[in-house]
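Note sheet for the following structure.
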Amino acid sequence: MIQIGNKKINTNIFLAPLSASSDLAFRLIAREQGAKFCFFEMIDSNSLVYGSPRSERILQTCPEDQPIAAQILGADPEIMLKAAELILNRAPITFLDINAACPVRKVCKKGAGAYFLNNPAPLVRVIERLSSTLSIPITVKMRVGLNQVDIPSAVQFAKSCESSGASALFVHGRSQSQENVGPVNYEAIRAIKESVEIPVFGSGNILNPPLAKKMFDETRCDGILIAKGSFGNPSIYRDIETYLATGTWHPAIELREKLKFLKKHLLLVQQIKGPHAICHIGELAKICLWYLKGFSSSSRMRAQIFKSQNNQELLAQIESIMGDDLSGEISPCAEKI
Ligand SMILES: Cc1cc2nc3c(=O)[nH]c(=O)nc-3n(C[C@H](O)[C@H](O)[C@H](O)COP(=O)(O)O)c2cc1C
């Protein structure tokens, strides 16, 4: 249980915002396997306000897809407010997060995303405008540096967010230049946790239950965000809860089990997009690769799967692989601690 502003949430383990990844099908399978709180994919405030169909698609949801938060990107307080109002009209969200973490150059050039670390004044105006106008809590997702980790600046930034009205901070323990890979600076997250009163969530390298515990232990954070660790691994939330409660975890998983999850995921994609919708095969292949990673016959399976032209052919290929003798196909502990 955690409190963000006036909202109580029954978990402190959230699915992170993941652009081009954590769509409705992704969230539904995660929820079925134990995720209790999810983010929509990030929404660009300009695209939403000026009517891009992609932003509309991002907001696709259903009653089982609750509770949920949204994250918006942008730097103009009035456009951000308009985008927030459009989201609130479309989906019941628990809180709204402002992206101050996106490392993409095009975004930073416009003075948004991770660039706010360099120039927090516009972010402060956005937080003030949104938190004083809307009834839902406003939060911020931030990094701990630009070209390199910079703990004093990150702490100062976190304090500015808090004093301008943010109700929680999601801290990705990497610099902008690290993007989403490389070592995580736990010390920076801990320094932020110790300098603010609002809840602080840690993000970065939470790929399995022991790494989740490491994040809590090293930073004393109030909660965690699961990102790459959820790719092809929808039961990670439940595994983390069990590990934190009992210290036990079974890192190995049989290929047959993974293929069952993959099949379910692809069926959800098909259900959501409709039986006749043309699914982009690259998008489907990406989902397959998440689930097949780490198995000895991955490359053979990949070759089979990449022959498919659409979701139905892909499902048939997976059925055919499931009919093979898969004994001994157990994934190793995918990530080192
Ligand atoms: C494919 C992908 C998309 C992401 N999209 C977003 C995003 O839209 N907004 C955001 O704040 N962070 C985004 N992130 C960053 C994650 O939320 C998370 O902070 C980061 O991946 C670190 O966690 P990890 O090392 O456990 O994956 C993304 C990361 C990945 C890998």
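Take any residue in the sequence shown, count from 1 to its spot, add 1357: that is its number in this note's numbering.
C-beta: ideal position from N, C-alpha, C; glycine also.
The structure displayed is predicted, hence computed values, not measured ones.
DSSP-derived helix/strand/coil call for residue i
i       : result
Cys1419 : coil
Asp1401 : strand
Gly1362 : coil
Glu1611 : strand
Gly1580 : strand
Leu1503 : coil
Gly1559 : strand
Ile1455 : strand
Val1538 : coil
Leu1438 : helix
Arg1657 : helix
Ile1495 : strand
Ile1694 : Any reading at Ile1694 is ruled out, since the residue's pLDDT is 36, under 50, leaving its predicted position unreliable.
Val1464 : helix
Asn1367 : coil
Lys1650 : coil
Asn1446 : helix
Gln1390 : coil
Ala1523 : coil
Thr1599 : helix
Ala1642 : helix
Ala1673 : helix
Phe1588 : coil
Thr1605 : coil
Phe1514 : helix
Cutoff 7 Å; reference residue i; Cβ partners in own chain excluding five residues on either side
i       : result
Ser1592 : Gln1390 and Gly1391
Pro1424 : Ile1366, Phe1394 and Thr1451
Pro1561 : A quick correction: the sequence has Gly, not Pro, at residue 1561. So the list reads His1529, Gly1530, Arg1531 and Val1541, once near-sequence residues are dropped.
Arg1577 : Arg1547 and Lys1550
Gly1685 : none
His1622 : Ala1382, Ile1386 and Ile1644
Ala1545 : Val1501, Val1506, Ile1508, Ala1511 and Gly1530
Ligand 1 heavy atom lying under 7 Å from the CB of residue i
i       : result
Pro1566 : no
Glu1398 : yes
Ser1376 : yes
Ala1458 : yes
Gly1561 : yes
Asn1668 : no
Lys1620 : no
Leu1612 : no
Leu1582 : yes
His1529 : yes
Gln1533 : no
Asn1369 : no
Gly1539 : no
Neighbourhood of residue i by C-beta, 6 Å cutoff - its chain only, sequence neighbours within 5 removed
i       : result
Val1406 : Ile1436, Lys1439 and Ala1440
Tyr1594 : Ile1370, Gly1391 and Ala1392
Pro1374 : Phe1396, Met1399 and Gln1428
Gln1535 : none
Strand pairing of residue i, partner residues [DSSP]
i       : result
Cys1395 : Leu1372 and Ile1425
His1529 : Arg1500 and Ser1560
Ile1687 : Glu1611
Leu1616 : Per DSSP, none; premise fails for Leu1616.
Leu1430 : Asp1401
Separation of residue j from residue i, as counted between CA atoms
i       : j       : result
Lys1570 : Leu1601 : 7 Å
Cys1419 : Asn1590 : 22 Å
Lys1467 : Cys1645 : 35 Å
Ala1434 : Pro1460 : Looking at the sequence provided, one finds Pro at residue 1434 rather than Ala. Each residue's alpha carbon lies about 20 Å from the other.
Met1358 : Leu1453 : 18 Å
Ser1665 : Gly1362 : 47 Å
Ile1563 : Ala1458 : 17 Å
Lys1693 : Arg1482 : Low confidence applies here, because Lys1693 scores a pLDDT of 42, under 50, leaving its location unreliable and the question unanswered by this model.
Phe1663 : Val1538 : 27 Å
Tyr1543 : Gly1604 : 21 Å
Pro1567 : Ile1597 : 8 Å
Beta-carbon proximity list for residue i, same chain, < 8 Å, skipping 5 on both sides
i       : result
Leu1443 : Leu1405 and Val1406
Ile1400 : Ser1412, Ile1415, Leu1416, Ala1427, Gln1428, Ile1429, Leu1430, Ala1440 and Ile1444
Asn1475 : Leu1503
CB contact below 8 Å: residue i versus chain B
i       : result
Ser1402 : The question asks about chain B, but that chain is absent: this structure has only one protein chain.
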